[in-house]
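Enquirer: Protein chains in written order, with this note's numbering: chain G, 1 to 347; chain R, 348 to 1016. A virtual CB, placed ideally from N, CA and C, is assigned to each residue, including glycine. Please see the structure below; I have some questions.
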Amino acid sequence: MNSPRSASGASTSRARPQWPFDAGSTQPRSWNPVALAQAWFRQWWQARLPLQDSITLGQRNVYILPTRAGFMLAATLAVLLVGAINYQLNLGYLLTFLLAGCAVVGMHVCHATLRGLTMHLIAPEPQFVGASAVIAISLQSERKSVRYGIGLAVLGTDHWSWTDVPAQGSATVHVAFQPERRGLHRVPTLTAETHFPLGTFRVWTIWRPAAQVLVYPRPEPHPPPLPAGEPRSGDATSSVPHASGEYDGVRAYRRGDPLKLVVWKKAAKADELISRDAESMQRLELWLDQAATGSAHTEHQLSRLCAWVLQADKLGLDYGLRLSATTIPPSHGEAHKRRCLEALALN
Amino acid sequence: MLKHLRNLPRDGRDTLFLLAVIAWVVVPQLERLPLWCSLLTGCVLVWRGVLAWHGRPLPSRWWLLALALLTLGATLWSHRTVLGRDAGVTLIVALLALKTLELRAKRDAFVVFFLSFFTMLTNFFFSQSLLTAAAMLLALLGLLTALVNAHMPVGKPPLLQAARLAGGMALLGAPIMVVLFLLFPRMAPLWGIPSDAMAGRSGLSGSMQVGSIASLALDDRIALRVRFEGTAPAQSALYFRGPVLSVFDGREWRVSTANLTPRPRTPANLQLLGAPLRYEVTLEPNNRPWLLLLEAAGQKPELAGFQSFMTNDLQWLLDRPVTDLVRYRAQSHPQFRHGPLSATPSLQEFVELPRGSNPRTVALAAQLRSDPARAGAPNSELVRAVLEMLRTGGYRYTLEPGVFGLHTADEFWFDRKEGFCEHIASSFVILMRALGIPARVVTGYQGGELNAVDNFWVVRQSDAHAWAEVWLPEQGWVRVDPTGAVAPGRTGSLQRLLPPQGAVAAALSSVSPAMAVNLRAMWEAVNNGWNQWILNYTQSKQLNLLRDIGFESPSWEDLSYVLIGIVVLVTLCAAAWTLWEKSRIDPWLRLLHAASARLAKAGVPSTPSTPPRQLAQALLRARGQADPAVPAIRDWLLRLEAQRYAPGHGARAGLVTLQREFKQLNWPK
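The following block contains the structure:
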């Protein structure tokens, strides 16, 4: 099994549009009627492709066109033929025809590289806006010979991940893309391509996976400190919130305190170890409230909440999330974090 | 060193391999290129190799521009043009080498590949031998390997793997090549061939400056091959007639221009006697507009693509030079008589000698004439006397006669007394003319040897020969071979003066002369097969092929039809094969997929790998028991499962039934 190489990074940059179906850009850049028609055709073509998480390539969904090198080879063959005719070189004929024969065989080999290949999408992990979401694709081949040089990419980008698929085996390819908006998105349309063996033909396919990827808001890079804890509801002893603006339930380190309770940031400043005060923790609750983010813009609010959720989770605190539509009671742990982030993504 | 080679990064290794292939393509050209071009190519390839070896960056574009301009200038300087074949070859080779210095993008690599293909073709301008073909086949495989390797982007695949793939492609491409080669209509050159197309090949020439055949006598290349129908005549009777030289200016023998025009009537009273000899000649290209036929051929040889005619002196000429291997069938009569039977004024030109040339020979002639013993003797008697003189006068045959002075015949008869056929024939004819006997020099090939492997007679350039013809009353022109009088071994027996050999051949023939001869015979038979089947595959042979297939009167268009027909047939076969391959999917699986597709339309989720039982459960969940269609489908699905997994219930018949039921079932919408 070949160790797959994954694309080094994805970008949202638009590659040059290429006829007929391979540009992801649906935004016509000019008002040129031809370009508009092409864009429309492309959109129409892609829209009629079925959404599926696994695809077996056959005659119907594998396309083939000569490349620029293919046209160069055709011109070379023409000149060789004229040379053979003009100088009456029978060996020249042989050379020309053998080369032409190889080109024809190469065309079939090229098409066969994708034909019969099965691709499965392995559903991607949720991801943050701005980070690369990695899609794993498993390529399976029933053929008794190796399939060489298959590249996968998000349609319209130029970041190819190349792999060979062993005979009657499978290979996994990683393709990355950068989601632009939070929420639940379809995995972008993918394309698989090969130029093997001679580079004179380009064989490709277009695949619209059905899988969806959840995209969390982008965590704010430098968020303000976590909001102050609120008194536990129904607890009268401490109804006044702390004015320091910081969650302040700490005390000096006592032997036996678990490391998890050490507040390292404060410890660094104070030159002694400081632990969270479990009692204080019991008295106060950390609520991450959409209304308390201090920003008017919804996306900014969600971005900050996202950063806070990550920060609170890192500190191992209990925290609750209060959004305009939903409220998640305080808790901690991976499942809780995930729940909060999902709520932020889908809010 | 080897370790470094193994540890080279992929880029370096691939570049070195490509450079090696390019060197292999270019090497056969080096000796024909101008020296500067060979040096430049070699240096650039080595330079590029060193850069790849050490992984250093490529030189800047200014370097390349300067070198390219230099190349252009040097080409102009050495060829006086940048057009034409030789200048073109020089330019292509130099540019190919320079382009390797600019292997930056994929496009550059393709340019190198395609330039290499051109360079391969240019090799064929100079040689189309079996060896060249083998070398270029290897080069083509090398280039394909490099090309395939360049399209294996993952890791560092071993070159052997790419070579195997390339070899497989070439093998699969070979049938296409054969079909195209056999059927692609051969046509005349699309436009005029540059005049230098045949430069550098020698053969018999249209004139004879005494001494000019010396180089030919040492040339072991094959001039023509002959196959006789029936028994072959004796080797000593094989005189292939070439240009007849009747004009002498004291130094050089030339063809009389009066003879070069076609004559409509049967020329020169040619009387053919006895039974004809039928044979087939394969003539190597010699860039001369003449055919070589056994004396004397009265009928037009069967030859496609050329117009041929016979001159007054029995030579067969063509309308254009032979630039390619040609094959023709002919018939000759070893016994014949030609020329006027009684003295005519037209014979006057055959006794002319330049004034003051060869005075001692003229004096010798006068002395022979005035010999009282021969008073009133016929000319034939004088001819016999001169031949007798050659035989007994201490004359010797040699391949190294040295440089002759102004009066070549004088020197031969009186001073050196040695020479080869040219000297002997020329001196003999001059003496004849001085005697007042009409005489002329005939050039051509004499002899040949039988290759026992394929029964072809091989005539080499070293068999080039010059003999004489004298005119005698009532007999016409009579062949006299004075060389035979000097050195009987030169004509009429297998023994010949052997030219110097290469080291290997010399060693081989000293160890086992018979083996050397056999090896050579085998090699030449193979070569002959190559010539007959590959190089001599012409339009007439194409049409013969069609005739064999069954076309009544095949034409150019028929070739195209057959070609198109084959393409259509192959396409249909491919389509049929695709269908067959599709049908090879397990019919059971196909039925299951069809069922899950139907259910998917009704909103029952499934994947291609969902087994029938799970599909039935999913259907039940999606539709509930209430749906009247559900039990029948569920039952059908369970029977589908049983058909495969509970065998022993008439499996085949069951599948057919299930297929029929599938169509009848009331599928939910």
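Using the Cβ count rule (16 or more neighbours within 10 Å means buried), how would you classify G550/R?
Expert: Here the question's residue 550/R lines up with position 203 in the second sequence. Annotation note: pLDDT 47 at G550/R (below 50); position unreliable, coordinate value reported separately. G550/R comes out buried.
Enquirer: Compare the C-beta of Q475/R against all C-beta atoms of chain G and say whether one is closer than 8 angstroms.
Expert: One-based indexing of the second sequence puts residue 475/R at position 128. It does; some Cβ of chain G falls within 8 angstroms.
Enquirer: Looking only at C-alpha atoms, which of A434/R, L490/R, F759/R sits nearest to F461/R?
Expert: Within the second sequence, residue 461/R is the residue found at index 114, counting from 1. Closest option to F461/R, Cα to Cα, is L490/R.
Enquirer: Does the distance from the CB of L80/G to the CB of G70/G come in under 8 angstroms?
Expert: Position 80 of the first sequence holds residue 80/G. Position 70 of the first sequence holds residue 70/G. No, they are not a contact pair.
Enquirer: Kindly indicate which residue of V440/R, D596/R, Y792/R has the alpha-carbon position closest to the one of A570/R.
Expert: Position 223 of the second sequence, counting from 1, holds the residue named residue 570/R. Per the Cα distances, Y792/R.
Enquirer: Verify the CB distance criterion: does F505/R have a CB-CB separation below 8 angstroms to chain G?
Expert: By one-based count along the second sequence, residue 505/R stands at place 158. Here the sequence assigns Pro to residue 505/R, which means Phe is not the residue at that position. Output row for P505/R: interface = no.
Enquirer: I'd like the list of long-range same chain contacts for N496/R, defined as Cβ closer than 8 angstroms, with 5 residues on each side in sequence excluded.
Expert: Walking along the second sequence from the start, residue 496/R turns up at place 149. If we look at N496/R and ignore the five residues flanking it on each side, its Cβ neighbours are D361, F364, P504, L506, A509.
Enquirer: To which residues does DSSP link L65/G through a beta bridge?
Expert: Here residue 65/G is taken as the residue at index 65 of the first sequence, counted from 1. Note: L65/G sits in a beta bridge opposite R202/G.
Enquirer: Which of the three DSSP states, helix, strand or coil, is assigned to T26/G?
Expert: The sequence position of residue 26/G within the first sequence is 26, counting from 1. Because the pLDDT at T26/G is just 43, under 50, the model does not fix this residue reliably, and the point stays unresolved.
Enquirer: At a CB-CB cut-off below 8 angstroms, which residues of chain R make contact with A100/G?
Expert: As a first step, residue 100/G must be located in the first sequence, where it is residue number 100. Within chain R, the residues near A100/G are G520, I523, M524, L527.
Enquirer: Under 8 angstroms between the Cβ atoms of V776/R and R763/R?
Expert: Taking the first residue of the second sequence as position 1, residue 776/R is located at position 429. Taking the first residue of the second sequence as position 1, residue 763/R is located at position 416. Not closer than 8 angstroms, so no.
Enquirer: Residues in its own chain within less than 7 angstroms of E1008/R by CB, not counting five upstream and five downstream?
Expert: Locating residue 1008/R in the second sequence gives position 661, counting from the first residue. Excluding sequence neighbours, E1008/R sits near W983.
Enquirer: Counting contacts by CB-CB distance shorter than 8 angstroms, is F457/R in contact with chain G?
Expert: Position 110 of the second sequence holds residue 457/R. Chain G, which has a Cβ nearer than 8 angstroms to the Cβ of F457/R, makes this yes.
Enquirer: Please confirm whether G199/G and T327/G have their CB atoms less than 8 angstroms apart.
Expert: In the first sequence, the residue the question calls residue 199/G occupies position 199. In the first sequence, the residue the question calls residue 327/G occupies position 327. Not in contact: G199/G and T327/G (Cβ atoms no closer than 8 angstroms).
Enquirer: Nearest-angstrom Cα distance between R738/R and D433/R?
Expert: Taking the first residue of the second sequence as position 1, residue 738/R is located at position 391. Taking the first residue of the second sequence as position 1, residue 433/R is located at position 86. R738/R and D433/R: Cα-Cα distance of roughly 49 angstroms.
Enquirer: Hey, would you say W600/R sits closer than 8 angstroms to L694/R, going by beta carbons?
Expert: One-based indexing of the second sequence puts residue 600/R at position 253. One-based indexing of the second sequence puts residue 694/R at position 347. Going by C-beta atoms, W600/R is not nearer than 8 angstroms to L694/R.
Enquirer: With respect to the beta strand (DSSP E) encompassing A811/R, which residues constitute its N-terminal and C-terminal limits?
Expert: In the second sequence, counting from the first residue as 1, residue 811/R sits at position 464. Looking at the DSSP string, the run of the beta strand (DSSP E) that includes A811/R is 811-819.
Enquirer: Rounded to a whole number of angstroms, what is the C-alpha to C-alpha distance between G151/G and L967/R?
Expert: As a working note, residue 151/G is residue 151 in the first sequence. As a working note, residue 967/R is residue 620 in the second sequence. About 42 angstroms.
Enquirer: Does any residue of chain G have a CB that is nearer than 8 angstroms to the CB of K350/R?
Expert: For the purposes of this step, residue 350/R is identified with residue 3 of the second sequence, where counting begins at 1. Output row for K350/R: interface = no.
Enquirer: Using beta carbons (cut-off 8 angstroms, strictly below), is D671/R in contact with chain B?
Expert: In the structure shown, chain B cannot be found, because the protein chains are G and R.
Enquirer: Enumerate in chain order the residues of its own chain whose CB-to-CB distance from V594/R is below 6 angstroms, with the five nearest sequence positions on each side excluded.
Expert: For the purposes of this step, residue 594/R is taken as the residue at position 247 of the second sequence. Within the same chain, V594/R has close Cβ partners R601, S603.
Enquirer: Could you list the residues in the region 69-86 of chain G with a C-beta less than 9 angstroms from some C-beta on chain R, going in chain order?
Expert: A69, M72, L73, A75, T76, L77, V79, L80, L81, V82, G83, A84, I85, N86
Enquirer: By the criterion of Cβ-Cβ separation under 7 angstroms, what are the contact partners of D164/G in chain R?
Expert: By one-based count along the first sequence, residue 164/G stands at place 164. Neighbours of D164/G on chain R, chain order: V501.
Enquirer: When the Cβ atoms of the region 204-215 of chain G are set against those of the region 47-65 of chain G, are three or more pairs found closer than 8 angstroms?
Expert: yes
Enquirer: According to DSSP, is N1013/R part of a helix, a strand, or is it coil?
Expert: Mapped onto the second sequence, residue 1013/R falls at position 666. The answer is coil: DSSP assigns N1013/R none of H, G, I, E or B.
Enquirer: Does V372/R have its Cβ less than 8 angstroms from a Cβ in chain G?
Expert: On the second sequence, residue 372/R is found 25 positions in, with the first residue counted as 1. It does not: the Cβ of V372/R has no partner Cβ on chain G nearer than 8 angstroms.
Enquirer: Which ranges would you report for the beta strand (DSSP E) in the region 750-821 of chain R if only whole runs of at least 3 residues count?
Expert: Entirely contained in the region 750-821 of chain R, the beta strand (DSSP E) runs reaching 3 residues are, in chain order, 786-793, 796-798, 803-807, 811-819.
Enquirer: Taking Cβ-Cβ distances shorter than 7 angstroms, what residues in chain R pair up with Q178/G?
Expert: Along the first sequence, read from residue 1 onward, the residue named residue 178/G stands at position 178. Neighbours of Q178/G on chain R: none; closest Cβ ~24 angstroms, over 7 angstroms.
Enquirer: Using the Cα positions of R641/R and T578/R, report the straight-line distance between them to the nearest angstrom.
Expert: Counted from its first residue, the second sequence places residue 641/R at position 294. Counted from its first residue, the second sequence places residue 578/R at position 231. In the sequence under discussion, the amino acid at residue 641/R is Leu, which differs from the Arg named in the question. Using only the alpha carbons, I get a separation of about 15 angstroms.
Enquirer: Can you check which of these residues, E928/R, A834/R, V373/R, H685/R, is closest to P820/R by C-alpha distance?
Expert: For the purposes of this step, residue 820/R is identified with residue 473 of the second sequence, where counting begins at 1. Per the Cα distances, H685/R.
Enquirer: Does P958/R get closer than 8 angstroms to chain G when you measure Cβ to Cβ?
Expert: For the purposes of this step, residue 958/R is identified with residue 611 of the second sequence, where counting begins at 1. No, no contact with chain G.
Enquirer: Within its chain, find whatever has a CB closer than 8 angstroms to the CB of P701/R; leave out the 5 residues flanking it on each side and keep chain order.
Expert: The residue given as residue 701/R occupies position 354 in the second sequence. Cβ within range, chain order: F595, D596, G597.
Enquirer: Under 8 angstroms Cβ-Cβ, which residues of chain G neighbour I881/R?
Expert: Here residue 881/R is taken as the residue at index 534 of the second sequence, counted from 1. The contacting residues are N90, L91, L94.
Enquirer: For L214/G and K314/G, what's the separation of their Cα atoms in angstroms?
Expert: By one-based count along the first sequence, residue 214/G stands at place 214. By one-based count along the first sequence, residue 314/G stands at place 314. So the alpha carbons of these two residues sit roughly 21 angstroms apart.
Enquirer: R115/G: which of L386/R, V789/R, S583/R, T925/R sits nearest, CA to CA?
Expert: Walking along the first sequence from the start, residue 115/G turns up at place 115. Taking only the C-alpha atoms, the option nearest R115/G is T925/R.
Enquirer: Could you check whether the Cβ of P354/G sits closer than 8 angstroms to any Cβ belonging to chain R?
Expert: No answer is possible for residue 354/G: it lies beyond the span of chain G, which begins at 1 and ends at 347.
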